[in-house]
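Peer 1: Chains as they are written, first to last, in my numbering: chain A, 1362 to 1463; chain B, 1362 to 1463; chain C, 2 to 368; chain D, 2 to 368; chain E, 52 to 513; chain F, 52 to 513. There's a structure below that I have some questions on.
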Amino acid sequence: MEFIQNNLEQIYFIILCAFIGIEIISNVPAILHTPLMSGANAISGIILVGAIIIMLDIEPTDYLNLTLGGIAVFMGTLNVSGGFFITGRMLKMFNTKKNNQK
Amino acid sequence: MEFIQNNLEQIYFIILCAFIGIEIISNVPAILHTPLMSGANAISGIILVGAIIIMLDIEPTDYLNLTLGGIAVFMGTLNVSGGFFITGRMLKMFNTKKNNQK
Amino acid sequence: MQTIGLLKEPNFETRVCLLPKEVERMVKELKTNVVFEAGYGSKQLVPDETYQNAGAEIAQKESILKESDFILSINTVYKGQELKTNASFIGIFNLLFHRDRLENYLNTPASVYSLDLLPRTTLAQNMDVLSSMASLSGYKAVLKAAELFHGILPMFTTAAGTLKPAKVLVLGAGVAGLQAIATAKRLGAVVEAFDVRTSAKEEVKSLGAKFIEVPGYKESESAGGYAVEQSQEYLQKQKALMKTHIEAASIVICTANIPGKKAPVLIEKESVENMVPGAVIVDLAAEQGGNCELSQNGKTSEHFGVKIVGNSHLARELSQAASQLLSTNYFNFMKHLINSSKANDPLLEGCMVLKNGKLVHPLFIES
Amino acid sequence: MQTIGLLKEPNFETRVCLLPKEVERMVKELKTNVVFEAGYGSKQLVPDETYQNAGAEIAQKESILKESDFILSINTVYKGQELKTNASFIGIFNLLFHRDRLENYLNTPASVYSLDLLPRTTLAQNMDVLSSMASLSGYKAVLKAAELFHGILPMFTTAAGTLKPAKVLVLGAGVAGLQAIATAKRLGAVVEAFDVRTSAKEEVKSLGAKFIEVPGYKESESAGGYAVEQSQEYLQKQKALMKTHIEAASIVICTANIPGKKAPVLIEKESVENMVPGAVIVDLAAEQGGNCELSQNGKTSEHFGVKIVGNSHLARELSQAASQLLSTNYFNFMKHLINSSKANDPLLEGCMVLKNGKLVHPLFIES
Amino acid sequence: MSTLIEMGYMLSIFSFLGGLKFMSSPKKAKQGNMLAAAGMILVVALTFYVGLTETVPYINLTIIFLAIVLGTILGKSISNKVEMTKMPQLISLFNATGGGCALILGIIESQFDASTSGLGNQITLIVGLLTGAVAFSGSIVAERKLSGKIKEYKTKAAILFGRSVLLVIVLLPFLYFSGVLPIGFPAFIFAVAGLSLLYGVLFVLPIGGADMPVVISLLNAITGVATACAGIVYNNKVMIAGGIFVSAAGLFLTILMCRAMNRSLLKVLTGTFKKGNKSSSAEAEQVVRELSIPEMVMQLSFAKKVAIVPGYGLAVAQAQHACAQFQHLLEERETEVHYIIHPVAGRMPGHMNVLLAEAKVDYSNLKEMDEVNDEMDTYDFVLVIGANDVVNPMAETDEDSAVYGMPIIRAYRGKQVVVIKRSMNTGYAGVSNRLFEMENCALLFGDAKDSLQQIIGQLKMI
Amino acid sequence: MSTLIEMGYMLSIFSFLGGLKFMSSPKKAKQGNMLAAAGMILVVALTFYVGLTETVPYINLTIIFLAIVLGTILGKSISNKVEMTKMPQLISLFNATGGGCALILGIIESQFDASTSGLGNQITLIVGLLTGAVAFSGSIVAERKLSGKIKEYKTKAAILFGRSVLLVIVLLPFLYFSGVLPIGFPAFIFAVAGLSLLYGVLFVLPIGGADMPVVISLLNAITGVATACAGIVYNNKVMIAGGIFVSAAGLFLTILMCRAMNRSLLKVLTGTFKKGNKSSSAEAEQVVRELSIPEMVMQLSFAKKVAIVPGYGLAVAQAQHACAQFQHLLEERETEVHYIIHPVAGRMPGHMNVLLAEAKVDYSNLKEMDEVNDEMDTYDFVLVIGANDVVNPMAETDEDSAVYGMPIIRAYRGKQVVVIKRSMNTGYAGVSNRLFEMENCALLFGDAKDSLQQIIGQLKMI
Ligand SMILES: NC(=O)c1ccc[n+]([C@@H]2O[C@H](COP(=O)([O-])OP(=O)(O)OC[C@H]3O[C@@H](n4cnc5c(N)ncnc54)[C@H](OP(=O)(O)O)[C@@H]3O)[C@@H](O)[C@H]2O)c1
Ligand SMILES: NC(=O)c1ccc[n+]([C@@H]2O[C@H](COP(=O)([O-])OP(=O)(O)OC[C@H]3O[C@@H](n4cnc5c(N)ncnc54)[C@H](OP(=O)(O)O)[C@@H]3O)[C@@H](O)[C@H]2O)c1
Ligand SMILES: NC(=O)c1ccc[n+]([C@@H]2O[C@H](COP(=O)([O-])OP(=O)(O)OC[C@H]3O[C@@H](n4cnc5c(N)ncnc54)[C@H](O)[C@@H]3O)[C@@H](O)[C@H]2O)c1
Ligand SMILES: NC(=O)c1ccc[n+]([C@@H]2O[C@H](COP(=O)([O-])OP(=O)(O)OC[C@H]3O[C@@H](n4cnc5c(N)ncnc54)[C@H](O)[C@@H]3O)[C@@H](O)[C@H]2O)c1
């Protein structure tokens, strides 16, 4: 109860975001399913930010965690960059002349 | 600046709501324009809540404001009830046999 | 009470100009007497009784001529017999091309209305015998050509190979031409058409056929959308272009006409000789001289293996359909004639050639 | 090197069974000699030179008969002349219905292949002369009917009233029937069809026509989809239903056949008499006795104003198209015949009536 | 306790959300309306309940209760009685009440915490009051216009006046808060309210009557803003959410409506009308009613018996297949569809027959002109596709017309007539067509095939 | 200062939003991708900038910087090199890295504030770690499966084992937090991570290879959850928003994908396959690949040269008009379209001619079998509509077949072949068709007209 009361704003935020997430793609034509999946995948790489934040906090002598954190940043970046690049490539293929509507 | 910082949650809330409002009707078929307008109109009657809240605060002797507030509540209710009823009536007319999709 | 007389048509005629249904309307709606010659509808397989049941009476030819106010026929059937004063002959006499037919009527008490001269105004559409007959002819022309052609019109893919669709060329996209286009399209042929009127292009395309364009036509859409004669140079250009299209065609339907004038010659002997043997030309303009140099009016000839049908009266072969349309046309004309109150009704003036035995029509007086 | 001989067809025949194009293929692909009678292609307007250019040689009829291994014709052209041993006649002799035609061949050194007996297997489709000719006949039957009919097929709304679309009834929805349906539909007629095979229903509908159903058919889709004879009771029911449909029709195209049997009679005299005068019946089954009681093979008759065309060879009127298809069919058959290595090839066995002058075909031996 | 109320509020926010969402899908629109209404009842009940628990004087509660009951009864009875064609007026009127409510709220509120609350709150208050007032007076004018009580009043002067008023409204708060104006807060508030009311009137007056639906939608969005402002003032999430939903959706809807009419919002608001290539002939300009495809489909969806009158334009556009598909769609919805064939429609006898046969239209659907001409008024909807001369009533009435005397299809007798054609060009006979000016007739401009395909697209959605 | 960063964050949230929105519209998808990428760069840059200002040791910054640069380069090069057909694998792999990142994050974080933070935070942390691990291992298995490296492994045992692991994962935290488990927080975390990794493998293993795209989408949504959890832990709005967007959109997308394949998500996850009314004949069951309309349209949209092989089914369905419309649509997209007519297609000679002439297909689009049979491999896409016997390769190969010897259209040589028919029923000749089993061939079940109309609908959207 109290938890809800305290985090009301947070809850609203999450629910509204979820709603938008659903709403926004509810009319996606089926042929865009794959590119969209790929794009969403790239966005989920935002976890990278988390990795950076944590890296900022790690003691410069804590080599284990530095390594782990580095790997995390690397993986996150791979997800982000690979995701966006591949989505871009996929979408480029739709580039057949399609705008000759009367 | 400070204002933004303080009301960040509020701002997110408003923007997200606006976004949803737009998103939600972005695919409405044109024939539903009128009923949707009517329905939205009914919802905007939520101002009625404001009227009630203010009525709760008015001194029982402040007749002028009591009357004004009463009128406000009445008007708000009219907006709400009339809006919903008329939307309902409009939508009922679409009730021709439409579900014989193969 | 006015009397309408129906005379038997000459032997070559298969149509009648009034069917029992319209006889009945004449009697009931226009309050006229109708008298007819026995055996009037025999070619239509309509027995005399049916006419009688519709309210008409049988009479002898002489008495019909003597007693009728209006004498209806398709062809000229009058040979100088006695007439009622103010009697009127109504028919499709094509007098501009057959002036000789006038002679029998000159200086009689009779007036002559020739429905082929009817101005083609909107109001006259339901009396427009030319349109009625032209559409039927256009339809029939294609069937006739398909019948004579020793190949088939549609494309035909079979286990024994593919037969190419026939190329059909329609010259003149007036009433008959458009109908020919539609019919040939229906049968699956590849259809091209040509006309000098620029508005014809859209009309041809609206039927899904290809329009052959010759640049440089001078338009003059007066006189109800009829064509006018063109410059020599234009005709030259047109002919050259036409030639290639004609020689590629398996079937050519000719319908080009200029009212009151000789029909334009669009197919020369040489073109015919260059056509593939077995091709068919149907010339609906044969009576006006023909669009094809070689066509003979009323005959089917053959030249270098190309069959040439010269027939402006193909509608006769659709006697039932044609009679039905004519009958309505005649009825509508009679209704207009009897009810007309205007002093100089443009419709009636347009098609009245003789008034009480005197030439009154401008086209005839001028020349 | 084997020799193929081409003999001129009898006078009534307009088609040829081999065109220059296939002659060339015979020479080039099958490595055969081709000899032909002078004037062979004249009815097709194909000059002898064209045949010669394709690789064939002109010869006298006698020498052709004497020297050819394969003698190709459409009709029977052999009158007992001298032959090469093991010579083969290939044609469409319709021997089941014309047993007399066998006589000339019996006890000669020759074998006879009659292509109308070819089993209708998938493999034989490109030699199937019956299918080729039936489709052309179906198409032509409708054109012929439309030509004879004195009304028009499509609906026609004009200022002078509306002409109703003609009702066309197609009996038997085999190869010819389906083609007739398609053609009549194209021309805008209201088309109904009837067949005893149940699978015909879907086929008819796939062409957009209405199928008339008679309940209680016993199916037997053996023998390549041919129809089998039906119970008396069924035929009775069928006739009653048919009668109402026939009498409402303006045009009836008859194509119902049972291979090797007399064609079923589907239109009785009474029905014809109840039809509207001016209606047309085209009976493609005339040679097998006709689907209409009154039809006379090879003649156009009239009964109570109804025109009855009895003609099983309408394809002859499309001589060019028909020759093209036949030519391919014959070529494919020859290719199969010459290349066949199997001991008892079902295709060849199916259509070989005589082997070296002896009857070998089961259908002929049995009876 | 208050957590429960918060959650109730949250619930109703989502019910509004879901309601709006459902309302934009034809299949679920009715449930959507219910859902939103349920949310509304919930939130009102909760607020009232708060009042009950908070020891509010009975008189206040009684007034609230009575006002609600009265409002509900009145709303129900009005909306039951009104004719279907008067709907837009009524919506406008209801919107006015909402705006009025916001206006009053603003006025009352301004007396309470005039100076206590901060600047932010005061501005919010003023915006709410201002928008409420504009929505109130604007909606009333819109309603009057739709009922034809006020005519279009589109002079340069009116527009200019309107803009100056707007300027003053915007400047006033600046002046007031910078202390330049020597008036008290209430006076200031009244000034703003008065000016806003005036502006509402001036804003709507110059806009064309046909554009009123768009304006109503816009005013509706404005009411939404007023609501949201009130919500911010009371820090009430439901009001904020509801207001924002409505204003965002309303604004977007306004744009969509403009788009469906092929016009820009700006042009609608300034009252500029698309001129287009109408009437290239020298004829006196005809005043016609132009229709958008959605409007037409909306009307069509109520029709039980429809007549299609094809003409030459159908052939030119080669729209026969689209037309047949359209017919089948209507028939699936159990609407009776007839084609009425005029004897001389098209450019050759039997032209329409050829077309319709090609599209496999059943002959039984074809009616001849004479057959149905006397019962044209039984058709709820007559759709004229590329025909012109053959439906020209001047053939019956105007002796001087070139088409006089020709029998015509009496399309004009249909309850509703819509003509699809590309422009105001005449037909074959070259005469203008009086039908287009008639009250029950509207024009849908565009190529017949394109238009039909769009109509089919829309029809499929219902 | 921090306000600016907050606003930057807000900006990137909206750029993600807009990016996703645009990506769901074919026309703007490319911009959408750009926008989202821009938002991503912004937020990373901002975060890095915070690091710079906050006097973080250089070594950390260097590592971060290097990792980012390396990751970008690798990501770019991989995605440039991969073949188009291997896309789904790659997406899966990238998703694995995201999941792995979340997993590592969870592990590191668990060491830092193990006991300091509250229970809420700890739970969030665990959920993030758990989902990250599942996404990581699951994605890798999915990738392996798609590349055909792992075969379907669908035994009851595996499924049961998977479910027990899941149960343990769910129970473990309860046990731990109620103090029953006598282990430290790090040990607990490692246990959860290990079990989750295991579960990820077991979760994906039993699912059919053809369903992998759906699974990848689901795993993607799971990564989204991991991200959102991490966001909550760090109280970082962008991460929350991004994570929630992705998880909500991903989940919904998963459902949409299932719907497009006509299956339910549950069935996909449990590996059940729609049986349907295939092969009603007594023939040995053929193994065929079934295709959904979107998949087909996707492939079609890449084709430059398309062959349509019509057969009797086209006539039965009366789909000629739809077929012609389909052709025109392709032609508008500058795709070359040929109809290949088999001599005996249909049930009468010239059957296809009649149909296509009716639909006004230009004769120049028709190709004869012999004309093109030798160059069938130049067609990127061969669409067989209701034809069967005439494309049966057994006519060329199987001497015993009833169709042996009949010349056929060599549809099987097309780069891609799709056959539209209603069932596995045979054609006229009654023999089964080997074409359907071929690797480059897929079946689209349904009435030809219905299917074509749906295809048209989808094609219009691109
Ligand atoms: N049937 C016959 O035998 C025959 C023969 C000769 C003459 N006529 C005459 O032709 C006329 C026929 O009347 P009608 O009503 O059928 O035709 P109409 O009066 O000629 O009108 C046709 C209308 O269709 C519109 N149109 C043209 N193309 C279009 C397209 N692609 N999409 C949408 N609309 C299009 C045109 O307006 P926009 O340009 O504004 O689009 C035009 O107003 C009569 O006057 C008749 O007398 C008939
Ligand atoms: N052309 C001729 O002259 C002629 C004459 C007689 C026989 N034949 C024979 O007919 C055959 C023709 O071959 P074909 O490939 O055209 O046809 P087919 O082999 O008979 O195959 C037609 C296919 O279409 C499908 N189909 C039927 N209705 C459909 C609908 N509404 N929507 C989608 N699909 C539908 C059927 O499968 P489902 O049931 O699964 O949908 C069937 O497999 C050949 O065997 C030929 O020998 C031809
Ligand atoms: N007002 C009406 O309602 C009405 C009624 C009937 C006909 N018409 C119109 O009248 C016009 C002609 O009717 P018609 O068919 O009886 O005319 P027609 O028989 O006199 O001529 C047939 C066609 O031949 C064409 N032609 C003339 N010279 C030619 C040449 N050198 N080369 C090629 N074509 C040539 C003409 O343009 C005409 O289209 C049509 O446009 C028709 O629509 C109007
Ligand atoms: N295997 C192949 O590839 C192939 C090749 C050609 C024909 N066929 C099939 O053979 C069948 C018949 O071919 P055909 O047209 O040469 O046959 P046909 O000429 O012998 O008969 C014509 C039609 O008449 C019908 N008929 C028979 N008795 C009837 C009655 N009492 N009433 C009504 N209809 C009756 C038959 O069912 C048949 O459809 C068709 O189904 C055709 O598809 C198959």
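Cβ coordinates follow ideal geometry from the N, Cα and C atoms, glycine included. Keep in mind that this is a model prediction, so the values were computed, not measured.
Does the distance between the C-beta of Asn439/F and the nearest non-hydrogen atom of ligand 2 fall short of 8 Å?
Peer 2: Taken from the Cβ of Asn439/F, at least one heavy atom of ligand 2 lies inside 8 Å.
Peer 1: Please find out if some non-hydrogen atom of ligand 6 comes closer than 8 Å to the beta-carbon of Tyr479/E.
Peer 2: Absence of ligand 6 from the depicted structure is noted, with ligand 1, ligand 2, ligand 3 and ligand 4 being the only ligands included.
Peer 1: Name the DSSP bridge partner or partners of Pro361/F?
Peer 2: DSSP, once it has assigned bridges, lists Ile436/F as partnering Pro361/F.
Peer 1: CA-CA distance, Lys318/E and Ile258/E?
Peer 2: 10 Å
Peer 1: Quick one: does the C-beta of Pro260/D sit closer than 8 Å to a heavy atom of ligand 1?
Peer 2: Checking every heavy atom of ligand 1 against the Cβ of Pro260/D, none is found closer than 8 Å.
Peer 1: Beta-carbon of Phe65/F versus every beta-carbon of chain B: anything under 9 Å?
Peer 2: yes
Peer 1: For Glu387/E, tell me which candidate among Ala311/E, His372/E, Gly364/E, Ser415/E has the shortest Cα-Cα distance.
Peer 2: Ser415/E
Peer 1: Name the one or two DSSP bridge partners that Asp284/D has.
Peer 2: Cys255/D, Gly311/D
Peer 1: Tell me which same chain residues have a C-beta within less than 8 Å of the C-beta of Lys356/D, skipping the five on either side of it?
Peer 2: Ser112
Peer 1: Look up Leu360/D in the DSSP assignment and give the residues it is bridged to.
Peer 2: Leu355/D
Peer 1: Output the residue ranges of the alpha helix (DSSP H) runs that lie fully inside the stretch 1382-1449 of chain B and measure 4 residues or longer, sorted by chain position.
Peer 2: If we require 4 residues or more, the alpha helix (DSSP H) runs fully inside the stretch 1382-1449 of chain B come out as 1394-1405, 1408-1418.
Peer 1: Please check if any C-beta of chain E sits within less than 9 Å of the C-beta of His379/F.
Peer 2: no
Peer 1: Relative to the C-alpha of Leu248/E, which residue among Glu447/E, Thr182/E, Phe236/E, Ser483/E is closest?
Peer 2: Thr182/E
Peer 1: Suppose you measure from the CA of His1394/A to the CA of Ala1401/B; what does that come to, to the nearest Å?
Peer 2: 32 Å
Peer 1: To the nearest angstrom, how far is the alpha carbon of Tyr100/F from that of Ser190/E?
Peer 2: 52 Å
Peer 1: Among Lys80/D, Leu119/D, Thr184/D, whose alpha-carbon lies nearest the alpha-carbon of Gly261/D?
Peer 2: Leu119/D
Peer 1: Below 8 Å, is the gap between the Cβ of Lys9/D and the nearest heavy atom of ligand 1?
Peer 2: no
Peer 1: Just checking Phe195/C against ligand 3 - is the residue's beta carbon closer than 8 Å to any of the ligand's heavy atoms?
Peer 2: yes
Peer 1: Closest Cβ-Cβ distance between Leu1369/B and chain E: below 9 Å?
Peer 2: Interface with chain E (9 Å Cβ-Cβ cutoff): Leu1369/B is excluded.
Peer 1: Asn12/C CB to nearest chain D CB: under 9 Å?
Peer 2: So no, Asn12/C is outside the interface.
Peer 1: Output needed for Tyr463/E: all residues of its chain with C-beta closer than 6 Å, excluding positions within five of it in sequence on either side, in chain order.
Peer 2: Counting only Cβ-Cβ distances below 6 Å, and skipping sequence neighbours, we find Pro444, Leu486, Met489.
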